[in-house]
């Protein structure tokens, strides 16, 4: 059989490519297996095998951001999510992840801005609206919280959590009648909800 350098080179390249794909698949598998048992640092380290310039680079940044947030390394998590946004300015995933990291770090104003940015890309997105409402509550901005909570219940009328925030906003604004209506709406959607029962039993 005659030796063909070109065929050999192609064969070697294909084998190397397959090995690289298998290594990346193994990296993702390891990372996902380590997360549920709380081994976050190892789950992050497993992703080192995924090249920074690969097709999965954006996903790598998103996953690192999530795992770093779970690890309590909020500044690093925020940095990863911002890098993901730099890669893809239209990523709702990245902006929602950034909002979560900012909320967990108690950077309420920044979280509010991040939630607004997510809503610009995805109007009435449930997670973005919910996290915006949480950020506004933390800042004690009751009128803005009421507006956000109203948007939540209008877009997601079957959601009990939306009505919890609507009830809280009304209570903080000194509107007990509206708070009662909202808390009753909570119980229609989630019978036995503790906060709603506690408020209504005081009336």
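In our numbering, the protein residues as written are 273 to 475.
Just so you know, even glycine gets a beta-carbon here, dropped at the ideal spot from N, CA and C.
Straight-line Cα distance separating residue 376 from residue 416:
Sequence index remark: in the chain shown, residue 416 carries index 144 (1-based). Sequence index remark: in the chain shown, residue 376 carries index 104 (1-based). Cα to Cα, the separation comes out at about 20 Å.
According to the neighbour-count rule (16 or more other Cβ atoms, all chains shown, within 10 Å of its Cβ), is residue 312 buried or exposed?
Here residue 312 is taken as the residue at index 40 of the chain shown, counted from 1. Buried: at least 16 other Cβ atoms inside 10 Å.
Mind checking which residues open and close the alpha helix (DSSP H) that includes residue 412?
Start at 1 with the first residue of the chain shown, and residue 412 comes out as number 140. Careful: residue 412 lies outside any alpha helix (DSSP H) and carries neither H nor E.
Buried or exposed: where does residue 276 fall if 16 or more other Cβ atoms within 10 Å of its Cβ makes it buried?
Looking up residue 276 in the chain shown gives position 4. A caution first: residue 276 carries a pLDDT of 48, below 50, which makes its placement in the model too unreliable to give a value.
Cα-Cα separation, residue 341 to residue 356:
As a first step, residue 341 must be located in the chain shown, where it is residue number 69. As a first step, residue 356 must be located in the chain shown, where it is residue number 84. Cα to Cα, the separation comes out at about 15 Å.
I'd like the ranges of any alpha helix (DSSP H) spanning at least 4 consecutive residues and lying wholly in the region 326-377.
329-342, 346-359, 364-376
Do residue 367 and residue 333 have their C-beta atoms within less than 8 Å of each other?
Working through the chain shown from its first residue, we reach residue 367 at position 95. Working through the chain shown from its first residue, we reach residue 333 at position 61. No, the Cβ-Cβ distance between residue 367 and residue 333 is not below 8 Å.
Residue from 444, 472, 343, 350 with nearest C-alpha to residue 453
The residue you call residue 453 lines up with position 181 of the chain shown. Relative to the Cα of residue 453, the nearest Cα in the group 444, 472, 343, 350 belongs to 472.
Residue 321 versus residue 299 - alpha carbon distance:
Taking the first residue of the chain shown as 1, we reach residue 321 at position 49. Taking the first residue of the chain shown as 1, we reach residue 299 at position 27. Going from the Cα of residue 321 to the Cα of residue 299 covers about 6 Å.
At least 3 beta-carbon pairs within less than 8 Å: the region 414-431 vs the region 440-453
Contact between the region 414-431 and the region 440-453 is present, because at least three Cβ pairs lie under 8 Å.
By the three-class DSSP mapping on this structure, what secondary structure does residue 419 have?
Walking along the chain shown from the start, residue 419 turns up at place 147. Residue 419 falls in the helix class under three-state DSSP.
Can you list, in chain order, the residues of its chain with a C-beta nearer than 7 Å to that of residue 425? Leave out the 5 residues immediately preceding and following it.
Position 153 of the chain shown, counted from the start, is the residue given in the question as residue 425. 434, 435, 438.
Are there 16 or more other CB atoms within 10 angstroms of the CB of residue 358, so buried, or fewer, so exposed?
By one-based count along the chain shown, residue 358 stands at place 86. Residue 358 should be labelled exposed.
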